[in-house]
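One structure below.
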Amino acid sequence: MVTPIFIVATALGVGFAIGVLNKFGRNFTGALVLAALSFMTFISFQWFYALTFNNLSEAYVFTGGFKPPFAINLLMGQYESIATLMINLIGFLGAVYLYKSLKERGSDAQVVYLILIMALNVLVMTRDIFNLFVFSEITSVAIAGLILLEKGTRSISAGFKYIIATSVISTIFLIGIVFAYFITGTLNIDDFIGISLSTYKGGTIVVFLIMISAVLELKPFPANGWGIDIYEASEAGFSAIISAATTTASLFVLYKIMAFAGAEWNYYIALIGMITFIGSNLLGLKQDNTRRMLGYSSIGQVGLLITILGFKDILGENAPFIFFGILISHYFAKAGLFWLSGIINASNLKAWSIIRKKPILLFLMGTFIFALIGFPPFPSFFAKWTLVMDLVKTGNIVWVIGILLGSLFEAIYLFRWFGYAIKGDAEKTEEYKIEFHKIIPVWIVALSLYVLGYFIAQYNEFTSVINFIPLAFVALIFAIDFMPVLIKNTIAIIGMIFYFYTIYPQLDNLRLIFEVIFLIGGILALIAGYLHKGKRIGFYPVALLMYAGLTGILEAKTTLEFFYGWELMTAGSYFLIIRGKRSMTHALSYMLFSLAGAYAILTAFGIASVGQSTWSLSIINNIQYIPLWAYSLLIIGFLTKTASIGLHIWLPGAHAEAESDVSPMVSAILLKAGVFGIVLTLIGMGAENNQYSELVYVLGWLGAITALIGNLAAVFQEDAKRLLAYSSIGQLGYIVFGFAMMTHLGWLAAFTYTINHFMYKSILFLTIGAVVLRVKTHNMYEMGGLIKKMPFAFIAVLISIIALSGVPPLSGFAGKWLLYNAVILKGWYLQGAIAFFSGIIAFLYLFKLISSIFLGQLKDNHRNVKEISIWFIIPIYILIVGLMIFAAKPELILQPLGTMISQYFPEGGLNWNGGMATTSIGYWHGTHIMIIVGIMFAILFSWLAFLSRKAQKVKQFNIVYSGERPFTPETTHVSYNIFAGYNKALGFLVLPWITDFWTLTTNIVHDISGFVRRIYSGNGQTYLTHIVLYVVVIYFVFFN
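As numbered in our numbering, the sequence shown has no gaps in its residue numbers, which increase by one up to the final residue, 1053.
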């Protein structure tokens, strides 16, 4: 084992050697720096490995061969080994990234850089508080020097403010150290811990001075204007070191000081961290400068880590896991983002659209952003989940709300930035060049996040249950993303078939229903992908990521597994949605609503775990602590995915702008994840007449109103896909309404609607999407007369709208008949009236859909249009076959469904006699209805065909011969504002009140951010005032 003192000796020795050997050239001295940093990293790694895996005891190192107080003692324990490894590793990678920059600045810059990394190591290892002060000063001088090496007045100004601020902080620190020595006679931190420094006369003031200086070094809000400036003004490579390495060392210093400060400081440290986390991320909302925004994010993440340190006693043995899980994610992700910002050299967020055609750079950027927010499979996901669970279980729900609020603020500006990179309009900006020595460190930290995510998941029993096999398949597809669509599509379909084959025997009937929708529906949607040519870069990994998440929530046995799958599903679907042409804002809206919903679910899982000894998903069946709140949060979280009224504004645009084979994935498949979650929640709440009847009553009204508003909004749409999107909102309203009744028939109706919606909405979106691909427009008034050009498409839409409208003989009638019976028996007459009135409204938009597109006169530019692609026809007609079977033989599905529902609602089910289903108020026979309606249709069709055999076809523009000439064909189209009268009468119901509400909320938050941001004037004297006032305020708060 190489003694840790060689970390310091190596840096000092090479630093002096560079001064002597610089005559050999800057390449030589640069190689010496890299060699020194790699050796320092090796020393830290060997200690980390030995302490972690070989159970080596921690070791003290005494300088000069003497013990304190005659020498400085260094400690290398497990935590010290991790911290120094992180510092030295990022120092080495940073030196690789900065290789040319340091070489251009000369050997002085190389020495300063090396001394900075050395000083940070000593801050971690030293047990002498004066030595801590000395190396803190060395760190400050080195950072200021590196900042000032950057050319320009901005860097000079930032460097000067940094020096002044750290000088004030150091003065406070030194005063505290002097008085500590005066009253105790020692400078050793271990002695301070042993003698309880705060128990001495004046000891509390001494601890305050030392503690507040350590806190100020971490740039707490709002006394951090001087810290924000250095992120913006310094070179990107240096900003990465400040964010990753300096932060790690400063946090470790705070950890050491808290060891002797006393437990009474924990609450105040947590409060300081929380204010910093929320405040910094709030101000980040108004930033349009990349580096400054990343600076706010960095300080915000540090605030979260400070909060965790404040809760270390409450979190107990999980505290190290939580702290290092979030720290390591911040460490790698923030370094990667700063390095990327240096490569791209785009200071404005919108200018990042320059990389929209660079999938590798987008992958790297996305990796870092998702890791920062806390998505799986990154370490931050497991750490944040554990943090929320532990805080809720200990009664700290208010703190959880603060953590999730700050996380949501951070997600807003990070995903907005990511959206600009993926879908923004490329603006004129400086060209960037990807240099090998710069991109390699970025790749290393990105891949490290995935590797560490896997290993951290194995840390304890409840995180080791995660199934990484679907993610491994996604990684395989990503690795072969350079291949043609034909190969990737085939592999994806085979993989999903195989996974379904292996998993379906393990699922109960409830989960099997949704697994068929998720995986079989996904396979059918992927068949349409064969239409695409080329490589379709990026589509298949994210599509499979969504399906991995969907199947993950069905396989979940624990709340962690469920939430893991839920977040994977959200990530994959976000990328599918943002692939649309004009989908940037819609994808952002979807992500933010999804995150807010996910946080509600996470909090509810935490509440459900109170008083439980297991993390099993079954704990939601017996919630002991504030159950009404827990169930309400679960329902709200799941309603964000079903797009219920008030939470629906993301859906219309997301569906309308999505690619033709993505829309059915989102509408027919993804939305069912929310339905599954609601079903689990209602099962947990118990059967009919339970103590939560008020909650389900409200849910029932919400479903009915959602059905009304969704269907009514669909009537007034001119965009075919947007019409179908609002239709999905309405149909999901019926499903929610049915489940909310909490009766056997209500649930049977809801499941029938769920299955039907999957089939007919898949057919409609696939068909209309295929039509749009042919005619190159979404607007129905620009179509017309396509029945002869696309007869297969026409038949598919006709069958689908019959099923959707709920008229005999198709399966939609079964759902409507069941819902009618359920409403009557439940006694929800008013809600039922609204729901059935909504069904009448649906006839309007369904007529508009089929007549506008397929009937009427053909447009001139569509005279040579062809039938929709065979690759769309295949899945469409497979689904039609399923729809017809369900309509002709409903008992094949409804009887097993009834048996399953009887587990929860034993009374009030259907009575079956062959194919006839009866209730106390009526009966229905699906097969007989199919036969009767079929015979009637054949007779009527034959009779009409006979009568119209000599009818003359009216050709386009016959109106001209009446003396009139329309300006354009569109203005005479039946679809053009067809329901203007209804709009005048009922249009007020679909005015964008809800959208306006969320817009107002967004504007208020941004206005608050802009107002508070004014405290950062850029004036150094003002920043000094902030520091002094901060110290005074904390003093009075702490000492009451």
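Quick reminder that beta carbons are idealized off the backbone N, C-alpha and C, glycines included.
{"Check": "Alpha carbon of Pro919 to alpha carbon of Gly911, nearest angstrom", "Outcome": "9 Å"}
{"Check": "Reduced DSSP secondary structure (H/G/I, E/B, other) of Met496", "Outcome": "coil"}
{"Check": "CB of Leu45 within 8 Å of CB of Val27, strictly", "Outcome": "yes"}
{"Check": "Nearest-angstrom Cβ-Cβ length linking Leu111 and Gly250, presumed shorter than 8 Å", "Outcome": "4 Å"}
{"Check": "For Leu143, the first and last residue of its enclosing alpha helix (DSSP H)", "Outcome": "Rather than Leu, the amino acid found at residue 143 in this sequence is Phe. Taken as a continuous stretch (DSSP letters only), the alpha helix (DSSP H) holding Phe143 covers Ile142 to Leu161."}
{"Check": "Sheet register partners of Trp925 (DSSP bridge)", "Outcome": "Ala930"}
{"Check": "Closest Cα partner of Phe221 within the set Trp278, Ile321 and Leu127", "Outcome": "Trp278"}
{"Check": "Bounding residues of the beta strand (DSSP E) (the contiguous stretch that carries Met89)", "Outcome": "Asn86 to Met89"}
{"Check": "Whole runs of the beta strand (DSSP E) within the stretch 187-255, excluding any shorter than 3 residues", "Outcome": "none"}
{"Check": "DSSP state of Trp937 mapped onto helix, strand, coil", "Outcome": "strand"}
{"Check": "Beta-carbon proximity of Leu385 to His343, cut-off 8 Å", "Outcome": "yes"}
{"Check": "N- and C-terminal bounds of the alpha helix (DSSP H) containing Ala964", "Outcome": "Segment: none, Ala964 is in no alpha helix (DSSP H) and carries neither H nor E."}
{"Check": "Local conformation of Phe1052 per DSSP, three classes", "Outcome": "coil"}
{"Check": "Cβ contact check for the stretch 180-197 and the stretch 274-292: 3 or more pairs under 8 Å", "Outcome": "no"}
{"Check": "Beta-carbon spacing of Pro677, Lys774 below 8 Å", "Outcome": "yes"}
{"Check": "Three-state secondary structure (DSSP) of Phe75", "Outcome": "strand"}
{"Check": "Between the CA atoms of Leu25 and Ala132 - distance to the nearest angstrom", "Outcome": "10 Å"}
{"Check": "Classification of Met14 by the beta-carbon crowding that lies within 10 angstroms, buried from 16 upward", "Outcome": "exposed"}
{"Check": "Among Val820, Phe885 and Lys879, nearest to Ile4 - alpha-carbon criterion", "Outcome": "Outside the displayed span of the chain (14 to 1053) sits residue 4, for which this structure offers no information."}
{"Check": "Lys214 vs Trp352 beta-carbon contact at 8 Å", "Outcome": "no"}
{"Check": "For Met772 and Gly338, the rounded distance between their alpha carbons", "Outcome": "43 Å"}
{"Check": "Rounded straight-line distance, which links the Cα of Leu868 to that of Tyr974", "Outcome": "With a pLDDT of only 45 at Tyr974, under the threshold of 50, the placement of this residue in the model should not be trusted; the figure read from the coordinates follows. Taking the straight line joining both Cα atoms gives about 22 Å."}
{"Check": "Buried versus exposed call for Ser865 [16 or more other C-beta atoms within 10 Å across all chains shown]", "Outcome": "buried"}
{"Check": "Lys347, buried or exposed, once every other Cβ within 10 Å from all chains shown has been counted against 16", "Outcome": "buried"}
{"Check": "Within 8 Å, strictly: CB atoms of Met13 and Glu731", "Outcome": "Lying before the first or after the last residue shown, residue 13 is absent from the chain, which here runs from 14 to 1053."}
{"Check": "Residue interval of the alpha helix (DSSP H) (run including Thr564)", "Outcome": "Phe552 to Glu568"}
{"Check": "With 16 other Cβ atoms within 10 Å as the buried cut-off, status of Gln744", "Outcome": "buried"}
{"Check": "Val1045 classed as buried or exposed, judged by whether at least 16 other C-beta atoms fall within 10 angstroms", "Outcome": "exposed"}
{"Check": "Residue environment, Pro497, which counts as buried when at least 16 other CB atoms sit within 10 Å", "Outcome": "exposed"}
{"Check": "C-alpha gap between Gly976 and Ile800, whole angstroms", "Outcome": "In this prediction, Gly976 has a pLDDT of 47, which is less than 50 and means its spatial position is unreliable; nothing more can be read from the coordinates."}
{"Check": "The stretch 291-307 contacting the stretch 239-246, beta-carbon criterion three pairs below 8 Å", "Outcome": "yes"}
{"Check": "Option in Gly690, Ile453 and Met943 with minimal Cα separation from Gly928", "Outcome": "Met943"}
{"Check": "C-alpha gap between Ser170 and Ala613, whole angstroms", "Outcome": "44 Å"}
{"Check": "6 Å CB neighbourhood of Thr23 in its chain, flanking five on each side removed", "Outcome": "Ala49, Phe52 and Met53"}
{"Check": "Among Ala359, Phe83 and Glu568, the one whose alpha carbon lies nearest that of Tyr445", "Outcome": "Ala359"}
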